[in-house]
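What the sequence shown shows, in numbering that gives the first Met the number 0, is residues 0 to 167, in sequence order.
Here the structure comes first, spelled out in structure tokens, and everything after it is commentary.
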Amino acid sequence: MSEQPSTPRVRTIPEGKICDFIDGKLRNDTPEEYVRQNIERRLVLELGFAPSDIAVEFPIKVGSSTKRVDIAVFKDGERHLQENIWIVIECKRDNVPATSKKDGVGQLKSYLSASPNSQWGMWTNGVAKEVFHKVEVGGRIDFEEPNDIPAADGNTEFIDRPTRERVN
């Protein structure tokens with residue numbers, strides 16, 4: 000009896016849905032999701048993160064409530080726990096400004112503050128981005144504003160190279 004070659008599985012994606020690049024889940028095809036999918040691809044294809052070190056819609060405790068971080072990035076092989084988040088990324092649709100009270104940079108900074116070991120954060124709407132490096136200065140948290148987040152290997156050499164001006 001000879002073995003039949005396996006037939007590749009074909010997955011049909013319903014109208015209005017997209018398949019998430021990291022976890023393969025079907026998500027609503029929205030402008031915000033389009034931004035997130037582009038960032039997920041950049042994390043893996045350009046910055047060298049393993050998909051297994053990235054969590055999508057990762058729940059964290061902020062005060063007494065639970066929020067969902069759009070993308071949580073962990074160092075290689077770290078367990079996916081709030082205390083192990085290294086980079087927090089918030090993605091918004093292109094018409095949301097960084098100054099938005101509800102969906103802006105303040106939201107990202109609250110997530111960084113609630114995740115004590117996180118060191119980096121990025122807020123983007125696909126047009127503009129704001130990057131923050133969390134540092135402790137004199138016993139309090141402060142945020143430096145480099146041009147980009149580090150690569151998977153921790154390399155930050157490319158961060159300070161000249162870039163286009165920020166669009167605000």
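Even glycine gets a Cβ: it sits at the ideal position worked out from N, Cα and C.
Every value quoted in this text rests on a predicted model; they were computed, and no experiment measured them.
- [ ] Using alpha carbons as the reference points, say which of Trp-119, Thr-155, Ala-150, Lys-128 lies closest to Leu-44.
- [x] Ala-150
Task: Whole-angstrom C-beta distance between Ile-70 and Ser-114, which should lie under 8 angstroms - done: Not quite, the Cβ-Cβ distance comes to about 13 angstroms (not below 8 angstroms), so this is no contact.
Task: Contacts around Asn-83, its chain only, beta-carbon distance under 6 angstroms, and the 5 residues preceding and following it disregarded - done: Phe-73, Glu-77
Open item on the list: By the three-class DSSP mapping on this structure, what secondary structure does Arg-26 have?
Closed with: strand
TODO: Go through the segment 27-105 residue by residue and report every complete run of the beta strand (DSSP E) that reaches 3 residues or more, in order.
DONE: 53-61, 64-73, 84-90
Task: Nonlocal neighbours in the same chain, by C-beta distance under 6 angstroms from Gly-15, ignoring five residues either side - done: Asp-28
Open item on the list: Can you give me the C-alpha to C-alpha distance between Lys-100 and Leu-107, rounded to a whole angstrom?
Closed with: 11 angstroms
Task: Beta-carbon proximity of Arg-92 to Val-134, cut-off 8 angstroms - done: no
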